[in-house]
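A.B. asks: Counting in numbering that gives the first Met the number 0, the sequence shown runs from 0 upward without gaps.
Ideal Cβ placement from N, Cα and C applies to all residues, glycine included.
Quick one: this structure, given as structure tokens, is what I'll be asking you about.
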Amino acid sequence: MADATAFEASGTGQKIAGVVEVCDDHLHFKSDSDLKVRAAGWHISRSEIAEVRDGDEPREVMITFRTPGRFRAIAVTPVMHADKWRSLATG
């Protein structure tokens, strides 16, 4: 699990702060407000990942998606195991 910022695909491209974790076949993103009320958050299939690259900020990993659903990208700031996040591009 790591701190993350999701960028919405529609409208203004709003940024949503939260956390993301890698599960077997998907990413699971929860906004900070979802964490407070135990909401389900969003599941994003790993097959939707288009690219994983270094982000603009130090230690940041940017995950972009092929077909935008709710999000066009998620910026992850892992405290450790950044290589695990980068390996998502290879499935």
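1) Sort out for me which residues DSSP pairs Arg52 with in a bridge.
2) Where Phe70 and Gly54 are concerned, what is the direct C-alpha to C-alpha distance, given to the nearest angstrom?
3) Contact between the region 6–22 and the region 60–69 is defined here as three or more beta-carbon pairs at a separation below 8 angstroms; is this criterion met?
4) Please report the Cβ distance between Pro77 and Ala1, rounded to the nearest whole angstrom; I am assuming they are in contact, meaning their Cβ atoms lie under 8 angstroms.
5) In terms of alpha-carbon separation, which member of Ile73, Arg37, Leu26, Ile48 lies closest to Gly12?
6) Please confirm whether Arg45 and His25 have their CB atoms less than 8 angstroms apart.
7) Could you please give me the residues that DSSP links to Asp31 through a beta bridge?
8) Using CA coordinates, which residue listed in Arg65, Ala3, Asp23, Arg85 is at the minimum distance from Ala49?
9) Contact defined as beta carbons within less than 8 angstroms: I believe Val60 pairs with Ala38. What is the distance between those atoms, to the nearest angstrom?
C.D. replies: Walking through what the data contain:
1) Met61
2) 16 angstroms
3) yes
4) 4 angstroms
5) Ile73
6) yes
7) Paired residues: none, contrary to the question.
8) Arg65
9) Going by Cβ atoms, the distance from Val60 to Ala38 rounds to 24 angstroms, so no, they are not a contact pair.
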